[in-house]
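Participant: First, the structure itself, so that you have it in front of you.
Protein chains in written order, with this note's numbering: chain A, 590 to 850; chain B, 3 to 338.
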């Protein structure tokens, strides 16, 4: 799959916030079925990069292309039918039921006036099932735990039936059980051919999930490649100010990491 | 009870309670009229009332009750819409400077004598003031680079304070015999309103209400937050401007007719949201019915409290609304 044309591509991308470039000269390509983790220290520009990739922030230099079309030239509605962004819940959905919240993910298809059709209903129930929140469909979002709320936000993104899924810290505030559920759901999404890129804070978790890792530091890509290579690189030591070591353990598929000053 | 059942029950209860309250409000007053003849009169049949009774009913009570319903319904819909846009269940038309602008407009009309010379000059000036204040808030927020929600709120605060300053300066410079006109209006009330008021208000509320209903789904998407709304393909700024403009039209119309009637926009949607859900296509009509009911009852209470003088309607809604607000605040989740 890795030689398929990229779904989402950035070339020399810079993004300015408050007058100075927070993201500088980033090149990246996301291909169908790929799972890419974006890691980096606080204030490295990860969230800005993800928002620019989702078309929410304009590029100050360089270009983003979605399926070969420049993002600038793509109508918002059309982009929303191919690309979904799941960011931490802004808290406005508390009074909606989980099902209503997920159904809003069909806005790119229905617009202001068209009623939900059979296709929409199918996409909504599939999204609810994939994220494991189908049993919460009738509950109000405000009554959910942080983990369930985040899964509901992911379900909204999946209801958009995206071909590219971008996530900004989807596992923040989640306990270990909900983290596993969330990444398992992401794995299933990826296997169905969706390109998934997620900002992940928990480095071992990111390494266990992703096939490819991008280390962002001071607005640029400092290293990329296989997670183990990236995490144990000098660039990673420089970025975080600590050294990570990988330890192979018999019987475990993934290495364990230790952190040293 | 299921969600659907609760929704149906709520709409049924509101749709029954509102006409009953309106009917009672037509019958009760300084000259009490029996219910059955009032009902016959409203149905256009031979009522059996005295000619004086028919005049009171036809030229005073019915327009007053209709206006109360329109004003309450409009304010409640505005509250529901703004609460979605600002993602805050405590948002109200006052945030946008509607009240301050309308008061300034009214004082200008009275100070320069237009209100006593030209029919409807006072409500027209109040309406213009309300719209001007909202436009100013929106333009200023954009101009100083703060078109975010917090920026709009703070700009609204500043514009309200400015309008308040203008109001007090003009009030001091107004001849004493005219001051009472302004004070009466500021306190909120529906005394002496005519069918012309009803007609004007009905047209504005119908237009504004229809526009808000057309914006129902964008309103739901907006309530998720600007970022999520934009990522769903909604043109956020245009949608927000549409909602705010329509809200200004509705709140301006209501305030121009009745003066300041606080807390209706807050209480009605807040009380109904748990019953019918937050989706605008249901919450807006439910809020209209709830707000209408609230103001019809409040106006009835305001004029039956004492034989000699009507209590100000605005004071009455505040008397009920402020404690409700505090209790709601106590139960609202704290967000940083």
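From the three backbone atoms N, C-alpha and C, an ideal C-beta is built for every residue, glycine too.
1) Quick one: does residue 669 (chain A) have its CB under 7 angstroms from some CB of chain B?
2) Give me, in chain order, the residues of the same chain whose beta-carbon lies closer than 7 angstroms to that of residue 590 (chain A); leave out the 5 immediate sequence neighbours on both sides.
3) State the beta-bridge partners of residue 801 (chain A) as determined by DSSP.
4) Check each candidate in A:814, A:673 and A:720 and name the one with the smallest Cα separation from residue 559 (chain A).
5) Can you give the Cα-Cα distance for residue 813 (chain A) and residue 593 (chain A), rounded to whole angstroms?
6) Report the neighbours of residue 234 (chain B) on chain A: residues whose CB is nearer than 8 angstroms to its CB, in chain order.
7) To the nearest angstrom, report how far apart residue 182 (chain B) and residue 171 (chain B) are at their CA atoms.
8) Starting from the C-beta of residue 254 (chain B), find all residues in its chain whose C-beta is less than 7 angstroms away, skip the five residues before and the five after it, and write them out in chain order.
9) Find out if the Cβ-Cβ distance for the pair residue 268 (chain B), residue 94 (chain B) is shorter than 7 angstroms.
10) Report yes if the C-beta distance between residue 808 (chain A) and residue 612 (chain A) is below 7 angstroms; otherwise report no.
11) Chain A beta carbons: is any one of them nearer than 7 angstroms to that of residue 48 (chain B)?
12) In the structure shown, what three-state DSSP assignment does residue 327 (chain B) receive?
13) Quickly, what does DSSP pair residue 836 (chain A) with across the bridge? List them, please.
14) What's the gap between the Cα of residue 49 (chain B) and the Cα of residue 61 (chain B)?
15) Is residue 3 (chain B) buried or exposed, if buried means 16 or more other CB atoms sit within 10 Å of its CB?
16) Name the one or two DSSP bridge partners that residue 686 (chain A) has.
17) I want to see whether chain A comes within less than 7 angstroms of residue 227 (chain B), judged by CB atoms only; does it?
18) Determine the extent of the beta strand (DSSP E) in which residue 785 (chain A) is found, giving its start and end residues.
19) Between which two residues does the alpha helix (DSSP H) harbouring residue 307 (chain B) extend?
20) Report the rounded CA-to-CA distance for residue 234 (chain B) versus residue 669 (chain A), giving the unit in angstroms.
21) Are three or more beta carbon pairs between the region 280–291 of chain B and the region 77–94 of chain B nearer than 8 angstroms?
22) Within 10 angstroms of its Cβ, does residue 18 (chain B) collect 16 or more other Cβ (buried), or is it exposed?
23) Taking the alpha carbon of residue 297 (chain B) as the point to measure from, which residue in B:21, B:156 and B:174 has its own alpha carbon closest?
24) If you drop the 5 nearest sequence neighbours on each side, which residues of the same chain put their C-beta closer than 7 angstroms to that of residue 321 (chain B)?
25) Step through the CB atoms of chain B and report whether any lies within less than 7 angstroms of the CB of residue 856 (chain A).
26) By the three-class DSSP mapping on this structure, what secondary structure does residue 673 (chain A) have?
27) Bridge partners of residue 650 (chain A), per DSSP?
28) Does residue 223 (chain B) come within less than 7 angstroms of chain A when only Cβ atoms are used?
29) Measure from the C-beta of residue 287 (chain B) to each C-beta in chain A and report whether the shortest distance is under 7 angstroms.
30) So with CB distances below 9 angstroms, who are the chain B contacts of residue 689 (chain A)?
31) Within 7 angstroms (strictly less), CB to CB, does residue 8 (chain B) reach chain D?
32) Do three or more CB pairs link the region 745–758 of chain A to the region 774–793 of chain A at distances below 8 angstroms?
33) Once the 5 residues before and after residue 153 (chain B) are set aside, which same chain residues still bring their CB inside 6 angstroms of it?
34) Identify which residue in A:828, A:658, A:818 and A:811 has its Cα closest to the Cα of residue 846 (chain A).
35) With DSSP collapsed to three states, give me the class of residue 598 (chain A).
Facilitator: In terms of the structure at hand:
1) Closer than 7 angstroms: yes.
2) Note that residue 590 (chain A) has pLDDT 47, beneath the 50 cutoff, so the model's placement of it is unreliable and the number below is only indicative. The residues 620, 621 and 622, in chain order, have a CB closer than 7 angstroms to that of residue 590 (chain A) in the same chain once the five nearest residues on each side in sequence are set aside.
3) Under the DSSP definition of a beta bridge, residue 801 (chain A) partners with A:625.
4) Examination of residue 559 (chain A) is not possible in this model, given that chain A is present from 590 through 850 alone.
5) Between the alpha carbons of residue 813 (chain A) and residue 593 (chain A) lies a gap of roughly 19 angstroms.
6) Going along chain A in sequence order, the residues near residue 234 (chain B) (Cβ under 8 angstroms) are 669, 693, 694, 696, 697 and 749.
7) Roughly 15 angstroms between the two C-alpha positions.
8) Counting only Cβ-Cβ distances below 7 angstroms, and skipping sequence neighbours, we find 100, 104, 129, 132 and 133.
9) Yes.
10) Going by beta carbons, residue 808 (chain A) and residue 612 (chain A) fall inside the 7 angstroms limit.
11) So no, residue 48 (chain B) is outside the interface.
12) Annotated three-state conformation of residue 327 (chain B) is helix, per DSSP.
13) Looking at the DSSP assignment, residue 836 (chain A) forms a beta bridge with A:845.
14) Roughly 15 angstroms separates the two Cα atoms.
15) The residue in question, residue 3 (chain B), is exposed, as its Cβ has fewer than 16 Cβ neighbours within 10 Å.
16) BP columns for residue 686 (chain A) point to A:729.
17) So, interface residue.
18) Counting along the chain, residue 785 (chain A) sits inside the beta strand (DSSP E) bounded by residues 784–788.
19) For residue 307 (chain B), there is no enclosing alpha helix (DSSP H), as DSSP marks it with neither H nor E.
20) Approximately 5 angstroms between the Cα atoms of the pair.
21) The region 280–291 of chain B, when compared against the region 77–94 of chain B, does touch it at the 8 angstroms Cβ threshold.
22) Residue 18 (chain B) comes out exposed.
23) Considering only B:21, B:156 and B:174, the residue with the shortest C-alpha distance to residue 297 (chain B) is B:21.
24) None.
25) Residue numbering for chain A in the displayed model covers 590 to 850; residue 856 (chain A) lies beyond these limits and cannot be assessed.
26) Three-state DSSP puts residue 673 (chain A) in a strand.
27) DSSP, once it has assigned bridges, lists A:603 as partnering residue 650 (chain A).
28) Under the 7 angstroms criterion on CB atoms, residue 223 (chain B) is classed as interfacial with respect to chain A.
29) Not an interface residue.
30) Within 9 angstroms Cβ-Cβ: 222, 279, 280 and 281.
31) No chain D is part of this structure, whose protein chains are labelled A and B.
32) In short, these stretches touch, since the Cβ pair count reaches three.
33) If we look at residue 153 (chain B) and ignore the five residues flanking it on each side, its Cβ neighbours are 143.
34) Closest by alpha carbon: A:818.
35) Residue 598 (chain A) carries a strand assignment under DSSP once its states are collapsed to helix, strand and coil.
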